[in-house]
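Mapped onto the UniProt record's numbering, the consecutive letters of the sequence shown carry residue numbers 1 to 359.
All C-beta atoms in this analysis are idealised placements derived from N, C-alpha and C, irrespective of residue type, glycine included.
Remarks on the structure that follows.
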Amino acid sequence: MADLNPPAPIVVGIMYPPAWDIRPAHALAADLDAVRALDPRIEIVDCRYLEPEDLRTARGRPGAASRPELRSLAPELTTEQRALLARVEIALVADLPFDVAALAPNLRWVQSCAAGNGQLLSAGLPTERIRLTGAAGVNGAPIAEFVLARLLAFVKRHRDLDTAQRARRWRPAFGGLVQGRTLGLIGVGGIGTQIARRAQAFGMRVHATRRRVELPAEHVDRLYHPDDLHEMLAGCDAVVSAVPETADTVGTMNTAAFAAMREGAFYCNVGRGSFVVEPDLIAALRGGRLGGAALDVVADEPLSADDPLWTAPNLYLSAHCSSAALEHFTEVFRLFRDNLGRYLAGEQLRNTIDAQAGC
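Structure representation (structure tokens):
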């Protein structure tokens, strides 16, 4: 006899843009099957939601929730999207509409597919009802490889070698060593730890900033409090920032910070573009204070064609692509399944985000 009172479904909404998952279709299908296998009550619905890149960047900044002009730029929800959101209990997302708590009265948990989550905080999360978790650690390995690639390209003078090859000139351009040099990390979370691990494998000393300096940090030789950032900068041959955007981090790397760095040092930012005062970075490069820099993130994305960053000397620019796209969602779903199992068991979720800290 059929159950007259079947258990209520646990509706999981897949909301991230399909174009972001470049894996073969069977890989996504297998991941969704693995999610369903965790509990027979799970029902998966496709309710994709995508915002323009410039809006996502703007929403990631402190105070975005109170800016009415941003709300007017958000995509209009369709009737179908509203109906699906009203049913969703769990969502796997990149973006969320403003006031999502009202749009999704059954929503209890949001899993982000990215490490940075400022745009989700501006949706009014987390709340007492809705938990928010990030994807910290998912991109640690690929971003760390990217950082080391940029650092090695600078130290080994790859740009000079490429220029000579294009000019068909047999012109030696001998590089230096990273072994024995000091790398400074601003932020030693999941990404920073992976960078530190690889830097030590190359024989580098690793210094880092962290608020809890009394606790040991894996693969870090010396810790500094953020208030002592300039002291750390003065002792480093290369500096990497990998921190989320908060009111405290905006504009950290400015003229004073670049002046504190060793002359000819290298700077790389894979965190948030607002961390850097871009005119100050350009001035440090043009004046020779910095030997080189790499930005995978900028303050306003996408970067306009007439932005002076394009012509800044010894600057490596990339379009926010330091992660590994093919492997990214395999790792995201691995984290999501683990957290979903914890959610179903009433356990603490991994990567829970503090609305005040932004991480």
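Of all the options L77, A299, T249, Q119, which has the alpha carbon lying nearest to the alpha carbon of A65?
-> Q119
Assign W170 to buried or exposed, taking buried as 16 or more other Cβ atoms, counted over all protein chains shown, within 10 Å of its Cβ.
-> exposed
From what residue to what residue does the beta strand (DSSP E) around S72 run?
-> Looking at the DSSP string, S72 is not in any beta strand (DSSP E); the run it does join, the alpha helix (DSSP H), is 68-73.
Specify the secondary structure class of M1 as computed by DSSP and reduced to three states.
-> Any answer about M1 is weak, because its pLDDT of 47 lies below 50 and its placement is not dependable; what the coordinates show is given next. Note: M1 maps to coil in three-state DSSP.
Taking V138 as the reference, which of P68, N339, L335 has the closest Cα?
-> L335
Cβ distance (whole Å) where P68 is taken to contact A86 below 8 angstroms = Not quite, the Cβ-Cβ distance comes to about 24 angstroms (not below 8 angstroms), so this is no contact.
Reducing DSSP to helix, strand and coil, say where W170 ends up.
-> coil
Can the beta-carbon of M204 be found closer than 7 angstroms to that of V93?
-> no
Name the residue from A260, S241, T246 whose alpha carbon lies nearest to the alpha carbon of E231.
-> A260
Enclosing beta strand (DSSP E) for Q111 [first to last residue] | 109-112
Own chain, CB closer than 8 angstroms to C236, minus 5 neighbours either side, in chain order = T182, L183, G184, H207, M261, R262, A265
Length of the line joining the Cα atoms of D221 and F146 | 22 angstroms
Looking at the unbroken alpha helix (DSSP H) that takes in E347, where does it start and where does it end?
-> No alpha helix (DSSP H) contains E347, which DSSP labels as neither H nor E.
Cβ atoms of I282 and V240: under 7 angstroms apart, would you say?
-> no
Could you tell me which of G287, Q111, R198 sits nearest to V12, measuring between CA atoms?
-> Q111
Given that a residue counts as buried once 16 or more other Cβ atoms are within 10 Å of its Cβ, and exposed if not, what is T57?
-> buried
Just curious, the beta strand (DSSP E) that D46 is in, first and last residue?
-> 42-46
Cut-off 7 angstroms between Cβ atoms - residues of its own chain near E51, not counting five sequence neighbours on either side = A74, P75, D95
Start and end residues, alpha helix (DSSP H) containing H230 = 229-234
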